[in-house]
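Inspection log for the structure reproduced underneath, given as C-alpha cells.
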Amino acid sequence: MLTLLLILLPLISGFILLLTGSKNARQIALVLSLIEFGLALFALSTLKSGAVESLNYNIPWIPNMGISFHLGMDGISMLMVLLSTMLMPLIVFASFNKTYNNAHTLYALMMLMQSAMVGSFVAMDGFLFYIFWEVSLIPIFFIILMWGGENRQKTTFKFFIYTLFGSLFMLVALIYLYLHTANHSFDIQALYAAGRSLPLVEQGLIMGAFFLAFAIKMPVFPFHTWQPSTYVAAPTPGVMVLGGVMSKMATYGLIRWVLPMVPDGVHEYGYLIIGLSVVSIIYASCIAIIQKDFKYLIAYASIAHIGLISAGIFAMNMQSLQGSLMEMMSHGINTVGLFFAYDIIYNRMHTSEMSKLGGIRGVESRFAFLFFIIVLSNIALPFTNGFIGEFLLLLGVFQTNMVAASFAGLSIILGAVYMLRAFQKMMLGETNSLTLHFPKLEKQELITLCIIVILIVVMGVYPKPILEITESSIQTLLQGIQ
Amino acid sequence: MKELIILSALGVLSLIAGLLKIKRPFMVVVIAGLLLNISVCVMDWNHNENLYNMMTLDNFALAFTIVSSSLAILWFIVANAYFQNSNTFSDHYALVLFSMTGGLLMVSFTNMVMLFLGIEVLSIPLFVLAGSHKTSMRSNEAAFKYFLLGAFASAFLLFGIALLYGSTGHFDNAGISAFLGANKLSGMALAGIVLMLGAMTFKVSAAPFHFWAPDVYQGSPTMITTFMATFVKTVAFAGFYRLFFLTFMPVRSEYALLFAVIAAVTMLVSNLIASAQSNVKRLLAYSSISHAGFMVITLLCMNNSSAGILLYYTLVYSISSIIAFSIFKWVKTHSAENEEISAFKGLLSRSPFLAVVMTFALLSMSGIPPLSGFMAKYMVFTAAIDNGFMWVAICGIAGSLMAVYYYFKIIIAMFAEVHESSEIKVPANLRFVLIVCSIALLALMLFPSQISSLI
C-alpha cells in the first residue's frame, strides 16, 4: 500500500497543481514533493525493520493477459526511489527564483514524471514497468517542448523518436519472454524463469534488445547523439530530472530486468557491453575536454560517468554493483549540482561559454568554493561521494575484466582534465568586464548549493548507510544468477 | 431481426421527416433510436438469433453492432452542424442510416448473398455522401472515384463468390467451410478466395488496394470522412473478419502469408507516405490506412481471441479518429479553411482544451501509453509474435515509429509554435463528445479485457 501511495501521491499532486493555477505553484510543489520524500523515508524505515512484505502490492489488472499491478521494493528499488524523491524537492527549490510561464503546468508535469519514475523503480511486472517507462517520456517531452530553449522542436522530436525506438525493442523482448512463460504471465519471477530457460543465443538477443532501450536512455556511445542537444535545449528543471533521475531508470532497468533475466547471456556476451561502455567513457571524456560551452561539457561528462556505471553493472559482482548503485546516487546529486551551478552562471552572465568567463572567484568566492566541491566530486576525489562509487566500480570491473578496468580508470584522469579546466576557465584567472558584475548569490541559491555540497561530503565520508540499503538485495540478486 | 427493423425504420422515418420538414428535433429521434438499438442488442446477447439462415445475430455481430452504434451516436452529436446547414438534411440522415443498416448486415451475415447485399447497402449511400458537397470539385472527384473503384471491388467480390459457388456448391458460409474442410482446395476455389480477399482489402483500404482512400477521405466533407474512418472501417473489418473466420478457416494456411504481406506492406507504405504529407486530412487518411494494416494482423492470427482484439482495436482507433477529425474540422473553420499542419500552430494558446484532447488522440494513435492505442497495438503485436510472425510485428514497429514522426509534427505545431490568432470557442456538443472520447481512451487502457474478451 505504501508503495502504491508513493506513485499516487505525485500523480495526485500533479492534478492538484494543474487545478490550482499559477500563483503558488512553486510552494505547493515543494511541499508536496517534500511529503513524497517523507513517505519514501518512511518506506525506508519499513524496509529496514524487515517488513518487506508490507511494501508489496499485488492485484490482478488484466488477468486474462497475465498482467498484474504488482509493486514491490527491495534495497535497490528503495535507493532509486530515495534518489528521485530526494532530488525532486531540491530541483523544485532550485527553481524558486525563476518565474516560468504557466508555472503550475510545469510543476504538474514534473510531478507526473515523478510518479512515472517512481513507478518504474517499483514495478515488479514487466508490462507495468514498460508502461511507466514510456509514460515518463511524455511529461519531459512537453517540458522541453514548452519551456525549452533554441531548437527545441527539432531536439524534442529527435529525443522522443530515439527513446521510443529503443523502447519498442524492449517491448518485443518483453512480449517474447512473456510468450515463453509457463502460463503467460508478466510477473517478474515468471519472466526471470522464462529468460533463464532460453538458449544462450536467444538470451543474448534479449539482452541486446533490452540494452538498446536502456543504452539510448542512459545514454551510452553510440546511442548518445540525442543527449547533448536535448540537455542544452531543456529548461533547467527539466534537464536536472533528465540527467539526475531519468538516466537512472535505464541503469536501474539493467540491474532489475537484464542481469537476473538472462544471466547466461550476460556472462557470455556481457564483455561486448563492457567494451562499449569503456569506449563510451573515453569518447565522451575526450569530447568533454574540447567543449567550449559549459552545458555541453556537463552533458558529455554525464555520458562518461554513465558509461562507467554501465560497465560496472555488466561486470556483475558485489563491488561493481554496489559501486554502480552508489555512483548512480552520486551522479544524480552531482548532475543536479552542476546544472544548478550552470544555471546560476547563465542567469547572471547570459552565456555559458567558458572562454568569455573568468575570475568569478574574485567576485563571489562563496560560489566558487561550493562549485569547487561539486567539481571535486565529479573527478572522484576521496571524501566526496563520487570517489566511493568510482572506486568500487573500478575495483569490481577489475575483478571481471582487467583490460576494461584499466581503460575505464582513465575516466578519473580525463574527468580531472575537463572538470578542472572548466573550473579554471570560469572561476580563476583575471576578472573580465563581464564577470566583474557577477551578482552575489541569493539566499535560496546559497541554501541549494549548501544542501548539495553537504550531501556530497556526508555521502563521501560515511557511505555505509547507503551501501547497507542495497547490500542484501544485491546478494540475493547475485545468488539468483549463479 | 429487431435491430434490422429499428435501423431501417429510422432511415424511412428520416425521409418522412424530410417531407414534413421537421428539422431540429430529429437528431433526438435518431439518437434515441440508436440507443434503443444498443439496448436491444444487449438484450439479445447470447441468444444467437438466426434469420432464415441468412444472418445470425451472434455475440460477434451484436458486439460490433453495439460498438458501431455507439460510435454512430458520438458521430451524430459531432456532425450536428453538418445536418443543420444542409437543405437536404433528411436525405443525409436517411443515407447514413441506410448505410448503417448495411453495416448491420455485414457484421451478421452467414450467407454470401447477405455479405454482398451488406457491402452494397453500406457503400452506395457512401458514394452519394462523399459527393454531398455538391459545389466542391474535390467532393465530386471523391464521389466519382469512390464509386468507380467501389464498383470494381464489388465486381471482384461477386466474381469470387461465383467461383466459390462453382467449386463448392454452397452460398452459405457454413456449407462452404464444411466443403473446404472435407475436400482438397481446388484452384478455382482458391481464385475465388483471393478475389474476395482483394475486394475486402479494398473495402477496408489496406494495401495494395488503398489508393482510393486518401483522395476520397480528403475530398469528402470532413464529417463524412469521419464516418468512413470510424463506423465504416469498423463494420468493414468486422465483415472481413467474419467472412474469413466463418468460411475459410479450414484452408487458413493457404492464404496466411498473403495476409502477412498485406499487413506488412500496409503498415510500412502508408506510414512512409503519411510522413511526407502536410495536409492534415490526407495525413489522417494515410494514418487510417496504416491502422488497417494493424487490424489485418488480427485476421492473420485468427483464433478464438483475435475477434476480441479486432473489436478493441477498431473501437480505440475509431474513438481517436472521431477526436482527431472533429478537432481538425473545427480548427480548419477557424483558420480560414486551412487544411495544412500550419492550421494547428499555437493551438495551445488558442484553445488549451482542444490542444490537450487532440494530443490524447494522437498519442493514442501512435500507440503510446497511458492511452489505449498502446494496448491495442500491444495486443496485435503479441498475437503476431505468438503466431510466429515476428517479422510482421517488426514491420509494425517500424511503421509505428514512422507514425510517431508525423503525429508529433502536429503535436509540436500545437504546443511549440506561437501563432497570432484569435481564441477558438468550443461548442457544447463538440465539447461533450471530446470529453466522452478522452475518458474512453483512458478507461479502455485500464480495463481492456472488458472489451477484448467480450467475444
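Chains as they are written, first to last, in numbering that gives the first Met the number 0: chain A, 0 to 481; chain B, 0 to 454.
Built from N, CA and C at the ideal position, the CB exists for glycine as well.
For this session: Using 10 angstroms around the beta-carbon of Gln276 of chain B, count the other beta-carbons present and answer buried if the total reaches 16, otherwise exposed.
Result: buried
Exercise. How many angstroms separate the CA atom of Ala404 of chain A from the CA atom of Phe382 of chain A?
Worked result: 22 Å
For this session: Below 8 Å CB to CB, which residues in the same chain sit around Ile367 of chain B once its five sequence neighbours on both sides are set aside?
Result: Phe373 and Val403
Exercise. Hey, how far is the Cα of Ala273 of chain B from the Cα of Ile454 of chain B?
Worked result: 33 Å
Problem set entry | Residue(s) in a DSSP beta bridge with Asn110 of chain B | B:Asp171
Problem set entry | Start and end residues, alpha helix (DSSP H) containing Tyr161 of chain A | Arg151 to His179
Exercise. Going by C-alpha distance, which of B:Val95, B:Phe108 and B:Ser7 is nearest Trp74 of chain B?
Worked result: B:Val95
Problem set entry | Positions along the segment 364-396 of chain B whose CB lies within less than 7 Å of some CB in chain A | Ile367, Pro368, Pro369, Phe380, Thr381, Ile384, Asp385, Ala392 and Ile396
Exercise. Using a Cβ cut-off of 8 Å, which residues of the segment 198-227 of chain B contact any Cβ in chain A, in chain order?
Worked result: none
Exercise. What is the DSSP secondary structure of Asp43 of chain B, reduced to helix, strand or coil?
Worked result: coil
Problem set entry | Length of the line joining the Cα atoms of Val277 of chain A and Leu392 of chain A | 12 Å
Problem set entry | Contact set between Tyr175 of chain A and chain B, taken where Cβ atoms lie within less than 7 Å | Ile384
For this session: At 7 Å on the CB atoms, spell out the chain B contacts of Ile130 of chain A, in chain order.
Result: Pro368 and Pro369
Problem set entry | Per-residue burial, Trp146 of chain A [other beta carbons within 10 Å of its own, 16 or more giving buried] | buried
Problem set entry | Whole-Å CB distance - Ala71 of chain B paired with Leu33 of chain B, under 8 Å assumed | 6 Å
Problem set entry | When B:Asn172, B:Asn79, B:Phe230 and B:Trp390 are compared against Lys22 of chain B, the one with the closest alpha-carbon | B:Asn79
Problem set entry | As assigned by DSSP and simplified to three states, the class of Asp73 of chain A | coil
Problem set entry | For Leu50 of chain B: DSSP bridge partner residues | B:Met54
For this session: Using a Cβ-Cβ cut-off of 9 Å, state whether Ile322 of chain B counts as contacting chain A.
Result: no
Exercise. So, does the CB of Asn431 of chain A fall closer than 9 Å to a CB anywhere in chain B?
Worked result: no
For this session: Assign Asn278 of chain B to one of three DSSP states: helix, strand, or coil.
Result: strand
For this session: Identify every residue that forms a DSSP beta bridge with Ile61 of chain A.
Result: A:Ile66
For this session: With His223 of chain A as the anchor, note down where its alpha helix (DSSP H) starts and where it stops.
Result: That residue, His223 of chain A, is in no alpha helix (DSSP H); it is neither H nor E in DSSP.
Exercise. Does Ile61 of chain A come within less than 9 Å of chain B when only Cβ atoms are used?
Worked result: yes
Problem set entry | Residues that DSSP places opposite Ala122 of chain A in a beta bridge | A:Leu70
For this session: Just tell me which of A:Pro236, A:Val200, A:Met248 and A:Leu204 has its CA closest to the CA of Lys216 of chain A.
Result: A:Met248
Exercise. DSSP puts Glu352 of chain A in a beta bridge; with which residues?
Worked result: A:Asp292
Exercise. Quick one: what does DSSP say Tyr254 of chain B is sitting in, helix, strand or coil?
Worked result: helix
Exercise. Under 8 Å from any heavy atom of the ligand NAP, does the C-beta of Val240 of chain A make it?
Worked result: Of ligands this structure carries none, so the ligand NAP is not represented either.
For this session: Could you please give me the residues that DSSP links to Tyr56 of chain A through a beta bridge?
Result: A:Leu70
For this session: Spell out a yes or no on whether the segment 352-362 of chain B and the segment 410-417 of chain B are touching, meaning 3 or more CB-CB pairs, one atom from each, closer than 8 Å.
Result: yes
For this session: Just confirm the distance between the C-beta atoms of Gly459 of chain A and Phe371 of chain A, as a whole number of angstroms; I'd bet it's less than 8 Å.
Result: Not quite, the Cβ-Cβ distance comes to about 14 Å (not below 8 Å), so this is no contact.
Exercise. Tell me which same chain residues have a C-beta within less than 6 Å of the C-beta of Pro236 of chain A, skipping the five on either side of it?
Worked result: Ile90 and Ser94
For this session: Sort A:Val171, A:Gln423, A:Leu144 and A:Met169 by Cα distance to Phe159 of chain A and report the nearest one.
Result: A:Leu144
Exercise. Along chain B, which residues have their Cβ under 7 Å away from the Cβ of Phe164 of chain A?
Worked result: Leu400
Exercise. Going by DSSP, what residues sit across from Glu339 of chain B in a beta bridge?
Worked result: B:Asn278
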